[in-house]
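Undergrad: According to the working numbering, the sequence shown holds residues 4 to 208 in order. To start, I am sharing the structure in question, which I have written as structure tokens.
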Amino acid sequence: MSMLDDNERARVADAIDRIERETDAELVTVLAPQADDYRYIPLLWAGLIALIVPGAVLFFTTAMHASTLLLLQWAVFVLLALVFRVPAVTTRLIPRKIRHWRASNLARRQFLEQNLHHTTAGTGMLIFVSEAERYVEILVDRGISARLDDSTWASIVERFTVQVGKGETLAGFLDCIEACGGHLKTAVPATHERNELPNRLVVLE
Numbered sequence: 004m005s006m007l008d009d010n011e012r013a014r015v016a017d018a019i020d021r022i023e024r025e026t027d028a029e030l031v032t033v034l035a036p037q038a039d040d041y042r043y044i045p046l047l048w049a050g051l052i053a054l055i056v057p058g059a060v061l062f063f064t065t066a067m068h069a070s071t072l073l074l075l076q077w078a079v080f081v082l083l084a085l086v087f088r089v090p091a092v093t094t095r096l097i098p099r100k101i102r103h104w105r106a107s108n109l110a111r112r113q114f115l116e117q118n119l120h121h122t123t124a125g126t127g128m129l130i131f132v133s134e135a136e137r138y139v140e141i142l143v144d145r146g147i148s149a150r151l152d153d154s155t156w157a158s159i160v161e162r163f164t165v166q167v168g169k170g171e172t173l174a175g176f177l178d179c180i181e182a183c184g185g186h187l188k189t190a191v192p193a194t195h196e197r198n199e200l201p202n203r204l205v206v207l208e
């Protein structure tokens, strides 16, 4: 995963600043390495497979002693629990719907935690990315949703998602901010200078 260095984060902040000069929208970008640690997933899968081991072994042989079989079962459990804790492996063990559900929940929490629902004209916009889940979502407050339909962001999110999958997170943020800015400058043009929320990229450690 690429969590972006200081120079790359500064480029994201500069891109937000440029867009906000021409619109009343308040953009906040959030980048998470993953939406959940999924600690229970490796243990769940390791336990299920370890439970199957005795039956599989006994199917092929009846000569194994019970204590040896139990030891083998524990060894399989421990080994798989360690292997399944590798982030790249863990992610593949989780159904896509669950991964996206967890990422979506985190996006909504961030919308509230970053105070995007408290802007003066309700013009907050969140661009959220969770790299492990390859999940991108754009959330807007009432001041923007009243003027732009949610479908406006669909193609932008789709393109950004592809870029995240390719490891092009920085390019994705810059392209996304620019594309969103094109819509915002038309629908929510700048009426006066404002900067209610910080323009920096928020990185969840």
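For every residue, glycine included, the Cβ atom is placed at its ideal position computed from N, Cα and C.
1) Please go through the same chain and pick out, in chain order, the residues whose beta-carbon is closer than 7 angstroms to the beta-carbon of Thr126, but skip the five residues on each side of it.
2) List the residues that DSSP assigns as beta-bridge partners of Ala35.
3) Could you compute how far the alpha carbon of Glu161 sits from the alpha carbon of Val139?
4) Write down the C-beta distance between Gln117 and Val31 rounded to the nearest angstrom, noting that I regard them as a contact closer than 8 angstroms.
5) So the candidates are Asp9, Leu119, Ser107; which of them puts its Cα closest to the Cα of Glu134?
6) Exposed or buried, Gly50, counting other C-beta atoms within 10 Å across all chains shown (16 or more means buried)?
7) Could you please give me the residues that DSSP links to Pro192 through a beta bridge?
8) Have a look at Thr189, Val206, Val89 and flag the residue whose alpha-carbon is nearest the alpha-carbon of Pro45.
9) In three-state terms, what does DSSP make of Glu208?
10) Between Leu187 and Ile22, which are expected to be in contact by the criterion C-beta below 8 angstroms, what is the C-beta distance as a whole number of angstroms?
11) Count the other CB atoms, across all protein chains shown, that sit within 10 Å of the CB of Trp156; report buried if there are 16 or more and exposed otherwise.
12) DSSP on Tyr41, reduced to helix/strand/coil?
13) Using only the alpha-carbon positions, how far apart do Asp2 and Leu151 sit?
14) Between which two residues does the alpha helix (DSSP H) carrying Glu1 extend?
15) Note down, in chain order, each residue of its chain lying with its Cβ closer than 6 angstroms to the Cβ of Ile159, except the 5 sequence neighbours on either side.
16) Classify Leu74 as buried or exposed, calling it buried when 16 or more other Cβ atoms lie within 10 Å of its own Cβ.
TA: If we stick to the structure as given:
1) Hits under 7 angstroms: Asp27, Ala28, Glu29, Asp144, Gly146, Ile147, Val191.
2) Ala35 is bridged to Ser133.
3) Taking the straight line from one Cα to the other gives about 8 angstroms.
4) About 5 angstroms separates the beta carbons of Gln117 and Val31, which is inside the 8 angstroms limit, making them a contact pair.
5) Nearest to Glu134 by alpha-carbon distance, out of Asp9, Leu119, Ser107, is Ser107.
6) Result: exposed.
7) Here Pro192 is bridged, per DSSP, to Thr26.
8) The residue with the shortest Cα to Cα distance from Pro45 is Val89.
9) The answer is coil: DSSP assigns Glu208 none of H, G, I, E or B.
10) The Cβ separation is near 7 angstroms, so the contact holds.
11) Flag for Trp156 reads buried.
12) Coil.
13) What the structure shows of the chain is the stretch from 4 to 208, and residue 2 is not part of that stretch, so it cannot be assessed.
14) Lying outside 4 to 208, the shown extent of the chain, residue 1 is not represented and no answer is given.
15) Only Cys179, Ala182 meet the Cβ criterion.
16) When all chains shown are included, Leu74 counts as exposed.
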